[in-house]
Structures are given as C-alpha cells and as structure tokens.
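One structure is given here, and the rest of the page talks about it.
Protein chains: 2
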Amino acid sequence: MKNFVGNLSLNKYEDYVSVFDALSHPVRIKIIGILAEGRQYVSELARLVNVSRPLLYMHLKKLETARLVKSTMEISENGKAMKFYSLEDFGLEINKDTLSELSKSIVIENPENGS
Amino acid sequence: MKNFVGNLSLNKYEDYVSVFDALSHPVRIKIIGILAEGRQYVSELARLVNVSRPLLYMHLKKLETARLVKSTMEISENGKAMKFYSLEDFGLEINKDTLSELSKSIVIENPENGS
DNA sequence: ATCACGTGTAATATAATTATTACATGTGAT
DNA sequence: ATCACATGTAATAATTATATTACACGTGAT
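For the record, the sequence lines run as chains A and B. So the first sequence is residues 874 to 988, counted in our numbering. So the second sequence is residues 874 to 988, counted in our numbering.
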C-alpha cells in the first residue's frame, strides 16, 4: 500500500482530486500543521488558525471529505460539549507514474466542443 | 532533494499550494497522463483531452504556473507555428511531516474575527 | 479566394469557493 | 439573570474558477 489516507488505500481518481483540493488552501495546510501537534477542539482551533468558526467549519469539511482529519464529540468534566479534530494518518507519493496511472480512469465528457 | 518540480526543490508553501491546486481538477490530471506518453501540440492535445482550446489554455496555465509542464514554440516543416507542451520532472512525498514543516511559514492575517 | 489547420485572446456567462454576518442552543460560574 | 465559552448553521456577499462564444491572424494546398 503506497498511497493511502485514513488506513484506506487510494484508488479512484476522485479520491486524489479531493485530497489535492483539500491541500490547495493555506488555511487548510495550517490546520494540518496544528493538528500534527495534537488534537484540538473547534473553538481553540479557530483561535490558533486565526479564522472565524463558521469559516473554519467550511475548511474542516473539505479536510474531512478528503479524510485527512476526523472528529469526535466529547463532554468535558465541566459539562461542555466539545468537538475534537485530529489528523488521520496518510502518505502520498506524487510523480509522473502515479498521476499517469490515475489519469487512465478519467474520461472527459462530450462538451460539444469545436475550435 | 526530496520534493521537487522542474529541477527546483520546493520550499515556499505557495509553491506547494499551486501544485495542489494544479492537481485538483480531472482535466488537468488527464493532461498530465497524456503528456506522460510524450509531448503534444496544443490543438492535438485539445482533441485528446476532449476540451475546447480556450479552456485547455486555462488549464495549461495552471499547470505551467505550478511548473508541472513547460512549452516550446516550433515551426513545423510545413511552416505552421506549433506550440508543444511537455511534462516537467517532479516528485513529491506528502505526509504529516512534510505538511507540518510547510505550515510553519504560514501566517493567517487578521480577519478582524470574533465568534 | 477559400479551405483546413495551426496560433492566440477578449468578453462573457455560469458555477463553485471562500468569507462574513447573524442567529440559535446548552452548561457552569458569578 | 447575565456572563463566558462551548456547540451548530442559515443566509448572504464577495471573489475565483470554470466554461463558452466569438473573434483575429498566419501558412500551405486546392
């Protein structure tokens, strides 16, 4: 298993696209960097990353879709609901060969194009 | 030199973001797959990928910005100007450590946020 | 001179992403 | 009951990305 994310090997090109998409924004890479030090709950993560919570949710959603992060809800000792995010394990090797292999399953549909 | 593209090692996070961005669309991965078999000129590439030429230019621009492809103009024997695109050499290893390292240089600016 | 086949790009439309604002709910402590 | 601090999300605005259409120009062959 060479390329994987969340203990699943990647095979469909859509999986790769969603990973690349997830990694294509500075805020999301920053989130990964912070979670690499350990899990965090949403409000604290928002402060660390320096974005609003609604915006953070949007970015987390993309990371979760790509399965680069996962979340769990917990109730702290003081009774507050807290949602923790943590990094999934992942490793990708990107080169001519891996992308070439991927592209074989891609078919671009009939755009009625000319020119 | 672990992560590189076009014989240059990647270091700024913006370089990575533009590579991820370039790889986040099926058409662009398809383009890479086709160029992996050998160079192609623009019009033929458009037919192979099955998109219009103006659209192809847009996608090629992103790939070129990320330095995953390069182009050269030539005059064919029959006198026609032809623009050839070919793949740059590149190899990236993406995991918790490489992204974590990257994220250190990312600072998210003052969004005046609350909540 | 018209056609087939290259080149390039400007203007526009459509769609998706990113960001903001304004809410609502619940708990424990003052 | 009000505050501080968690949760969540709907509605909107602003910005980018994607896609289309319509041009223009050049060469060689019919």
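Idealized CB from N, CA, C, for every residue including glycine. Everything numeric in this text was worked out from a predicted model, so none of it was measured.
Helix, strand or coil, according to DSSP, for residue i in the structure here?
i      : result
A/S949 : coil
B/I981 : coil
B/K956 : strand
B/S976 : helix
A/K903 : helix
A/L881 : strand
A/K875 : coil
B/S897 : coil
A/L928 : helix
A/E966 : strand
Using a Cβ-Cβ cut-off of 7 Å (strictly less than) and excluding sequence neighbours within five positions of residue i, which residues of its own chain qualify?
i      : result
A/N880 : D962
A/F877 : L883, F963, G964
When you compare the CB positions of residue i and residue j, do they come within less than 7 Å of one another, or not?
i      : j      : result
B/S882 : A/G906 : no
A/I981 : B/V922 : yes
A/A939 : A/S891 : yes
Could you check the C-alpha separation between residue i and residue j for me, to the nearest Å?
i       : j      : result
A/D970  : A/F893 : 17 Å
A/S973  : A/L928 : 35 Å
B/E917  : B/I904 : 12 Å
B/E937  : B/R901 : 11 Å
B/K841  : A/E950 : This structure does not reach residue 841 of chain B, given that chain B is present from 874 up to 988, and the question cannot be answered.
A/A919  : A/R926 : 6 Å
B/L908  : A/G952 : 58 Å
B/I967  : A/E910 : 17 Å
B/Y1005 : A/M874 : No information on residue 1005 of chain B is available, as it lies outside the stretch 874 to 988 that chain B covers here.
B/Y958  : A/Y958 : 42 Å
B/M931  : A/Y886 : 21 Å
A/N983  : B/Q913 : 21 Å
A/K935  : A/A895 : 6 Å
A/L941  : A/L960 : 6 Å
Excluding the 5 residues preceding and the 5 following residue i in the sequence, name in chain order all residues of the same chain whose CB lies nearer than 6 Å to its CB.
i      : result
A/V915 : K956
B/M946 : K956
Quick one: residues in its chain with C-beta nearer than 8 Å to the C-beta of residue i, no 5 flanking neighbours on either side, listed in chain order?
i      : result
B/I948 : A954, M955
B/V924 : V900, H932
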